[in-house]
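Going down the list, the sequences are from chains A and B.
Per our numbering, the first sequence starts with residue -3, numbered consecutively.
Per our numbering, the second sequence starts with residue 28, numbered consecutively.
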Amino acid sequence: MKHLQIFLIATAVGICAAVTASAADIKVIANPNIGASSVSADELKGVFLVTKSSLSDGSHVEPVLEKDGPVHEAFVKEYLGKTDSALQTYYRSLVFTGKAAMPKTLAADAEVVAYVAKTKGAVGYVSAAASTAGVKTLEVR
Amino acid sequence: MQVKTIVLAAALSIGPSLLHAQFDFRIDSRDVQVHSFASQGLLYSNNNNYLTMDTSKGSLALTDFGVNVSTAVTDKFRVGAQLYDYNMGLLGNFHPQLDWAYGDYKFKDWLGIRAGKVKTVQGLSHDVQDMEFLHTWALMPQSVYPMDTRGDTIAHIGADLYGDIGIRKLGSFSYTFFGGTRPNDANGGYLYGVDTMSHVPAPQGGFMYITGQTKDVTYYGGPIYGADLHWATPVKGLLLGASYMFQDITTTGTYTKPVVVPYKLTTVKDNATNFYVEYVLRNLRFAGEYRAEPKIVQLNQPSGVLVQGFQDSRSGYVSLSYRFTKWLELGSYHSRYIDNWPVTHSDPRNHIFDQVFTARFDIDRYVDFKIEGHFMDGACIDGVLDHGFYAAPNPNGLAPNMHMLVVRVGYHM
């Protein structure tokens, strides 16, 4: 009986670990034209809330998001302090008053990396395990 | 009429989704985005006709839709425009209007300028009050965001100076200074109300409609200017804000009875002050707003005598909502409008209190469905303006209390 309990708990923990992610599981990536090698958490939040259109080195930036998934959920929660639903509402309020465009949203890590690699000023996030050839990784201070 | 409304709303809802693939395109390597929305409402009240709709019999006459196009011409310069159309009972009548259209140049993150027809930033939601898909509610708190006067108040033709300033330990500030002129919504509630407001309280309760004096009011507008400051405080999820707006409004038309002479109402003093708060903790959202708008106006009687009117209205609401799942959100708000603050607040002729309970269902990412109960106390029967309870659609007078069911379906992309 005790073994069964341990097995169930271990399974539950395993499932949770599989479907949730934390800041440590996320890499923030940028197009190589961006001069900075790191960003502050406030700067990163500003970029993704579209209140910041350039970094401290003067590089113009535009956010790139993943559509959904544990990495997206963790990024939105950890760095933006919002739920996905609240973030979408926030973007729509900007789009329907003309204050900003809807940010580019892509389905998977590979798509985000490919888009960021070819788009000047693009900043995105992917899972820490993703291949990031062609882009630079930004350290978040 | 109702069948037409349903068919139109359905077409507007389905059409964009069929054309979804065509709605983002590129011109000269720049992305052009096209977004649209539409909504359809059903209102049913146990008595009184609200917002010029036949709500006491059940009304589907609440339809709106809009489409916008925007693009970034350069990294710092954006242009865009939105077309909007609506019908609400006797208002709107499907006359399309340019909702906003402006150029936006951002010098720095802390300084930008928008010029053209710009949505007026005031309070938590003034500039987005009409987009039902952004809110939990089927009807926003009507004390602060009256739908019937939306077309007159939601935007100004002029310019904004705006910016975002982050101050590390103090959070961040977003400011907007605005100035310009009010547009005239010829089919809106303000002109309709002034046209038909010739009523006085009747001795037996309710009011009498005076037919001895009629007018045809055709213009409302004038300069406005003001400022709004949002402060995202260092406390996670807590936002505080304040706004101020000065208005110098002129309303003109013609008395058509008992004599044909010009009608003119001018603002001697009209300034609105807002304070607001929002607190978000994961899926829980609390919001509250308070607005004070003392005003002095002057108008000419058909005899030529100038009359001064004074009104000190106060309005506000508190709301609480919780999103349980991706598809379900429940919420409630309590909204209060006092037409004239120095007069007894408990008098139903001087107030409208509205307790609201809402369930919002997000069918998918683009479609929402809301069902909402309103428990309203007071109808501002002899208010300076009508605030949803107009004389003409209620020829037998207004009851002091009303319950109302609102169902609304919305689409956006």
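The beta-carbon is built from N, C-alpha and C at its ideal position, and this holds for glycine as well.
Interface with chain B (9 angstroms Cβ-Cβ cutoff): VAL112/A is excluded. By the CB criterion at 9 angstroms, ASN211/B and TYR246/B fall inside the cutoff. Of all residues in the stretch 59 to 85 of chain A, those with a C-beta nearer than 9 angstroms to a C-beta of chain B are LYS73, GLY77, LYS78, THR79, ASP80, SER81, ALA82, GLN84, THR85, reading in chain order.
Under the Cβ criterion of 9 angstroms, ASN301/B is not counted among the residues facing chain A. Against chain A, the beta carbon of MET158/B has neighbours under 7 angstroms at PHE92, listed in chain order. A distance below 8 angstroms between beta-carbons, with the five flanking residues on each side excluded, links VAL122/A to the following residues of its chain, in chain order: ILE22, LYS23, ILE25, GLU62, VAL67, ASP105, VAL108, VAL109, THR128. At least one beta carbon of chain B lies nearer than 9 angstroms to the beta carbon of ARG88/A. Around ALA99/B, the beta-carbon contacts reaching into chain A at under 8 angstroms are ALA97. PHE52/B is classed as exposed because its beta carbon has fewer than 16 other beta carbons within 10 Å across all chains shown. For SER127/A, none of the residues of chain B pass the 7 angstroms Cβ criterion, the least Cβ distance being about 27 angstroms. Around ASP80/A, the same chain offers ASP64, HIS68, GLU69, VAL72 as residues with beta carbons nearer than 8 angstroms, after the five sequence neighbours per side are excluded. Selection LEU125/B, SER342/B, VAL324/B, SER199/B evaluated against VAL334/B yields VAL324/B as nearest (Cα-Cα).
In this structure, DSSP gives PRO66/A a helical state, which the three-state scheme calls helix.
With its beta carbon at least 9 angstroms from every one in chain A, PHE52/B lies outside the interface.
The beta-carbon of ASP38/A is placed less than 9 angstroms from the nearest beta-carbon of chain B. A Cβ-Cβ contact shorter than 9 angstroms links ASP297/B with GLU320/B. For ASP91/B, no chain A residue has a C-beta closer than 8 angstroms to its own C-beta; the minimum C-beta separation is roughly 12 angstroms. Ranked by how close their Cα comes to the Cα of THR223/B, the residues SER201/B, ILE276/B, GLY280/B have GLY280/B in first place. Annotation: the stretch 216 to 294 of chain B contains the following complete segments of the beta strand (DSSP E) (minimum length 3 residues), in chain order: 226 to 228, 234 to 236, 241 to 248, 250 to 259, 265 to 274, 277 to 284. For LYS263/B, the closest Cβ of chain A is nearer than 9 angstroms. When rounded, the separation of the alpha-carbon atoms in LEU51/A and GLY343/B is 39 angstroms.
Linking MET174/B to VAL288/B through their CA atoms gives a straight-line distance of about 31 angstroms. Contact residues of the stretch 104 to 120 of chain B toward chain A are GLY107, GLN109 (C-beta to C-beta distance below 7 angstroms). Non-local C-beta neighbours of LEU102/A in its own chain, meaning closer than 7 angstroms and more than five positions away in sequence, comprise VAL60, GLU62, LYS63, VAL108, TYR111, ordered along the chain. Measuring C-alpha to C-alpha distances from VAL136/A to each of LYS78/A, LYS100/A, TYR86/A, GLU74/A identifies GLU74/A as the nearest. In this structure, HIS56/A is the residue among GLY130/A, HIS56/A, LYS95/A with its C-alpha nearest to the C-alpha of ALA32/A.
Note on geometry: alpha-carbon atoms of PRO261/B and LYS100/A lie some 29 angstroms from one another. Taking a contact as a CB-CB distance under 8 angstroms, the pair LEU69/B and TYR77/B does not count as one, their CB atoms being some 13 angstroms apart.
A Cβ-Cβ distance of about 21 angstroms is found for the pair LEU117/B and GLY93/B, leaving them out of contact under the 8 angstroms criterion. If you draw a 10 Å sphere on the C-beta of PHE134/B, you find fewer than 16 other C-beta atoms in it, and that means exposed.
Excluding its 5 nearest sequence neighbours in each direction, VAL433/B has C-beta neighbours in its own chain below 6 angstroms: LEU70, ALA165, LEU166, GLU399, listed in chain order. Cβ atoms of GLY358/B and SER348/B come within 8 angstroms of each other, at about 3 angstroms.
Under a 10 Å Cβ-count criterion, TRP127/B is classified as buried, with 16 or more other Cβ atoms of the shown protein chains found around its own Cβ. Using beta-carbon distances, HIS62/B counts as an interface residue toward chain A, with a partner under 9 angstroms. Interface flag for SER346/B against chain A is unset, since no Cβ pair is found closer than 9 angstroms.
As a beta-bridge residue in DSSP terms, TRP127/B pairs with GLN109/B.
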